[in-house]
Each structure stands twice: as C-alpha cells, then as structure tokens.
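Read in order, the letters of the first sequence are residues 0 to 415 in numbering that gives the first Met the number 0. Cβ atoms here follow ideal geometry from the backbone N, Cα and C, with glycine treated the same way. Notes follow once the structure below has been shown.
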Amino acid sequence: MKRRIIFHIDVNSAYLSWEAAYRLQQGESLDIRTIPAVIGGDPQTRHGIVLAKSIPTKKYDIKTGETLYSALSKCPNLLIVRPNYLLFRQCSEALRDVLKEYSPTIQQFSIDEYFLDYTAMENLFGEPLQAAHTIKERVKKELGFTVNIGISTNKLLAKISSDFQKPDKVHTLFPEEIPTKMWPLPVEDLFLVGSATTRKLHARNIHTIGELAGTDPLYLRSFLKSHGLLIWNYAHGRENSPVRPGAIPIKGIGNSTTTSFDVEDLHEAHLVLLSLVETMCTRLRHKGYLAQLVAVSFRTNEFLNYSHQRKLSFSTDSTNEIWEIACQLLDELWQGQPLRHLGVRVGELCQNDFIQPAFFVRDRVKERKIDRAIDEIRERFGAQAIIRSSYLHSGLKPIAGGVITEEEYPMMTSIL
DNA sequence: TCTGGGGTCCTAGGACCC
DNA sequence: TCTGGGGTCCTAGGACCC
Numbered sequence: 000m001k002r003r004i005i006f007h008i009d010v011n012s013a014y015l016s017w018e019a020a021y022r023l024q025q026g027e028s029l030d031i032r033t034i035p036a037v038i039g040g041d042p043q044t045r046h047g048i049v050l051a052k053s054i055p056t057k058k059y060d061i062k063t064g065e066t067l068y069s070a071l072s073k074c075p076n077l078l079i080v081r082p083n084y085l086l087f088r089q090c091s092e093a094l095r096d097v098l099k100e101y102s103p104t105i106q107q108f109s110i111d112e113y114f115l116d117y118t119a120m121e122n123l124f125g126e127p128l129q130a131a132h133t134i135k136e137r138v139k140k141e142l143g144f145t146v147n148i149g150i151s152t153n154k155l156l157a158k159i160s161s162d163f164q165k166p167d168k169v170h171t172l173f174p175e176e177i178p179t180k181m182w183p184l185p186v187e188d189l190f191l192v193g194s195a196t197t198r199k200l201h202a203r204n205i206h207t208i209g210e211l212a213g214t215d216p217l218y219l220r221s222f223l224k225s226h227g228l229l230i231w232n233y234a235h236g237r238e239n240s241p242v243r244p245g246a247i248p249i250k251g252i253g254n255s256t257t258t259s260f261d262v263e264d265l266h267e268a269h270l271v272l273l274s275l276v277e278t279m280c281t282r283l284r285h286k287g288y289l290a291q292l293v294a295v296s297f298r299t300n301e302f303l304n305y306s307h308q309r310k311l312s313f314s315t316d317s318t319n320e321i322w323e324i325a326c327q328l329l330d331e332l333w334q335g336q337p338l339r340h341l342g343v344r345v346g347e348l349c350q351n352d353f354i355q356p357a358f359f360v361r362d363r364v365k366e367r368k369i370d371r372a373i374d375e376i377r378e379r380f381g382a383q384a385i386i387r388s389s390y391l392h393s394g395l396k397p398i399a400g401g402v403i404t405e406e407e408y409p410m411m412t413s414i415l
C-alpha cells in the first residue's frame, strides 16, 4: 500500500491570535500579539487562568494554565482579555473552509487543530511541503493568523511535528526521521504521556522518547497496563487511525463551575446545580438528545473530588427532571464539607427522534413545552431574559457555566 | 505552579445471572 | 447446600486531551 501523507494543522496561540486578528480587523491599530497579553479569566470564577499568551509574555515567564493573579504579579501591565468563544468558533470554521479546498478528508481534532489526509492530492496541489506552505500562507493572508503544519505518514507523527518550532512553520517527521527528530525529545512530549505517566516513567529512569522506545513493552505493561503498550508503540511512531471526516457523535454533555465562595448550605448547593442543569439541558435539547445517565461531582475546599451517578430506566431532556435527580445524587453523596466546585453531567445519550408520551410517568409533555418555550425566549432575548424566581434574592448567578453568549458580534466579513 | 471547563477512555470491584 | 467461573452491567475514580 502506498504510504499516506497526513497533515496536522495547529493554530499558533489560537485564542490570542484570533482575538488579535479580530481587533485589527475592527480597526484597532495595536496588535495584541506584540505586547504582553493573555486570554483567560472570568470575573465570576474565583481564579481565572491563562488560556493563551502572546510571545512577549515569555520573558516574564508566564505559563499557560497559570492563575491570572500569578501572571499579573510577574507582569503588572499585562493585558487580560476574556475568551470570546463565539469568535473562536467562527475562526475555526473559517480555517476548516480553507483546508477543505486541499482535501475532502479533514478531521477536526479540537477547536484549533485539524488533520488533513493529503494522500493522492499531489497531482492537484504539488509536493506535500509545497502544499503545506501554500496553506499556511493562505491562512495568514486571508484569515490573519498563523498556523504550524506537521507532515508525516500518520496522525501521531504529524501532530508531534507540528509542535516542533513555532510559530508560522512547516515541519516533517517521517518514519525515517524518528531516531534523529523524535527520540531525543523528553518523554512527556509524546501524545498521551501526561503528568502521571511521566512521573512513573521518570521513577524508572526513562526520560526520553528514545529510552521509552528501547524499553521492554512487557515491563511497561506491568506498571502502565494497556496504556504502556500504547505509548511504546507511539514511541516507535506506530499509529494508523484514519482521518475521519464528519462530526464525531458526542457521548455526554456536562457543565461545572468553581464557586466564588464555599458552598455549605444544601439549598444553595441545589441552586448552583440548577444553574448548571439549566444550561446543560438547553444544550442537550438544542442537539436533539435525550440522556439516560445523570452524574454530579464536586470538589471540597480540601481539593478532594467526589462523583456519583445513576443510570435511569428512561431517557429525558427535562430541566426539572434532571435537576431533581442531580439534587438526589448530591444529597446521597455530600456529607456537608465546604464545596468550591460543583459539576453535573449527562451521558448515555440517544437521539430524540421519537417521543412516546404513553411511557411518561409524569406530565412530561407539559414540561417539554415549558422547557422549549424558555429555550426560545432565551435564544431571542438573551440568557438572562427569563430566570427562576428562586434566584432573585440568592446572590447566585441563575445561568452558570460555559454558555456561548449569542450576542451580536460584528461579522468578520472581510476575512472570514 | 496551588490548580478552569469541556470532553474521552480505561480500570477495578461489586452485583447479578447462568 | 455449597460451589466454580465467565459474562455483563453498573459505579467510582483516575488519567489524558485541548
């Protein structure tokens, strides 16, 4: 079989680049990529963190994932911009539209990463390196942000090489280049080697990807289980999953929040849950799913995590019903520790293609109508247009979590 | 470093059935 | 009455990703 050619396209400092491109396009003269600037933070949450940073933040030693408080202490005149997820989605889609011109087989891996199968496309757009440069320059010129492109024969190697040197670069990591380009890298640069695995490998004196590749896979399996065999194969560059075009169906939907104060009161905890369930269920209904599993989780002020879930004998997308179950689960789990983080999640999703009212134990038909009416009002007039009266004097936010605010953003018409 | 929010997958143990 | 072992489902927790 002819060897495949896979591209991995990765937007450099995506959130910051996109915000910068947007501001320039709106007529601002300052490019926030050229000053110390970060994207991140939500005034409502207790500790916002750095989601993306400009290159000039490097000399202040600001790291992604660091708290804004810490970043500000290192650089007092740091510009902090809240993430604008609607903009990010638009930019991601604009990138996808460019990539689609170079291959019908592209896969979105995250909001700022795509795989593209370039196999057999040489006749149309030239050698892989040439095509990658064409794509990179087009994105820069037409969309206003830079990308890194990694080229190899599978997704794993393409992804690792897109990470080599940034920004605005094209790299290759073909199998024959593995010993020189990949094996000297620290083992934590390998995909799916996170902090826990790194710790275990370091404890056994395995520090580079090359050393991992040279380790007996059965020994790796003895302390990493099947994950050990997986990363051993990765260390040899072996991976052969296809670039899957089209949307991958989601398995679950969740919503969680770090509270701005310790929650110690049951009624308060229930209200926080409701605010999370409200947005989660709106998303659930918007996607046309019913859920058969409800889970709650929390984190105590001592940073201990707990979770509790229940499989239902029926499927539902009702805000009230899921809230009631979530409250039951919380009550069963919680022993009164002060809470600083609460989450709710639904899973076991099925498509809401047919409704069978006869199966409904309670008056779900009416509840569905109410839920949908509320969704519609919020869609037309904003999330705060209709809120539960229980929030009026509670001091809590009635709608919590990662809602994409459907505010009117001036379209980036000229570049998107 | 004192740690956000959205996900996915794996593992281990217990319950239950045959 | 006690017993084996396999399969499946369920739950909690951990690890990983961006």
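| Item | Value |
| --- | --- |
| Extent of the continuous alpha helix (DSSP H) run through residue 328 | 318–332 |
| Spatial distance of residue 284 from residue 351 (CA atoms) | 9 Å |
| Beta-bridge partners of residue 33, as assigned by DSSP | Answer is none; residue 33 lacks a bridge partner. |
| CB of residue 107 within 8 Å of CB of residue 88, strictly | no |
| Any 3 or more C-beta pairs closer than 8 Å across the segment 147–161 and the segment 2–12 | yes |
| Separation of residue 323 from residue 297, as counted between CA atoms | 17 Å |
| Local conformation of residue 164 per DSSP, three classes | coil |
| Residue 74 - DSSP class collapsed to helix/strand/coil | coil |
| Residue 152 versus residue 4: straight-line alpha-carbon distance, rounded | 5 Å |
| Alpha-carbon to alpha-carbon, residue 328 and residue 371 | 25 Å |
| Limits of the beta strand (DSSP E) - the one that residue 198 falls within | Here residue 198 belongs to no beta strand (DSSP E); instead the alpha helix (DSSP H) covers 194–202. |
| Beta-carbon proximity list for residue 2, same chain, < 6 Å, skipping 5 on both sides | 152 |
| Residue 121: first and last residue of the uninterrupted alpha helix (DSSP H) it sits in | 121–124 |
| Residue closest to residue 167, alpha-carbon to alpha-carbon, out of 66, 194, 76, 146 | 146 |
| Beta-bridge partners of residue 289, as assigned by DSSP | 349 |
| Presumed contact (8 Å Cβ cut-off) between residue 332 and residue 295, rounded CB distance | 7 Å |
| First through last residue of the alpha helix (DSSP H) which encompasses residue 23 | 13–24 |
| For residue 424, the three-state DSSP class (helix, strand or coil) | Here the chain comprises residues numbered 0 to 415, so residue 424 is not present and cannot be evaluated. |
| Residue span of the beta strand (DSSP E) that contains residue 179, given as start and end | Neither: residue 179 is in no beta strand (DSSP E) and is coded neither H nor E. |
| Rounded straight-line distance, which links the Cα of residue 90 to that of residue 239 | 29 Å |
| Closest by C-alpha distance to residue 116, when choosing among 204, 140, 149 | 149 |
| Cβ contact (3+ pairs, closer than 8 Å) linking the segment 267–286 and the segment 238–256 | yes |
| With 16 other Cβ atoms within 10 Å as the buried cut-off, status of residue 33 | exposed |
| Cβ neighbour criterion (16 or more within 10 Å) applied to residue 274 | buried |
| Residue 311 - containing alpha helix (DSSP H), residue span | Here residue 311 belongs to no alpha helix (DSSP H); instead the beta strand (DSSP E) covers 304–315. |
| Residue 116 - partner residues in DSSP beta bridges | 5 |
| Residue 261 beta carbon less than 8 Å from that of residue 338 | yes |
| Spatial distance of residue 74 from residue 39 (CA atoms) | 15 Å |
| Start and end residues, beta strand (DSSP E) containing residue 170 | 169–171 |
| With 16 other Cβ atoms within 10 Å as the buried cut-off, status of residue 204 | exposed |
| Three-way DSSP call (helix, strand, coil) for residue 282 in this model | helix |
| Expected contact under 8 Å - CB spacing of residue 77 and residue 71 to nearest Å | 6 Å |
| Where residue 336 sits in the DSSP three-state scheme | coil |
| Spatial neighbours of residue 0 in its chain, beta-carbon cut-off 7 Å, leaving aside the 5 residues before and after | none |
| Inter-residue CB distance, residue 14 and residue 50 (contact presumed, cutoff 8 Å) | 5 Å |
| Beta carbon of residue 23 nearer than 8 Å to that of residue 143 | yes |
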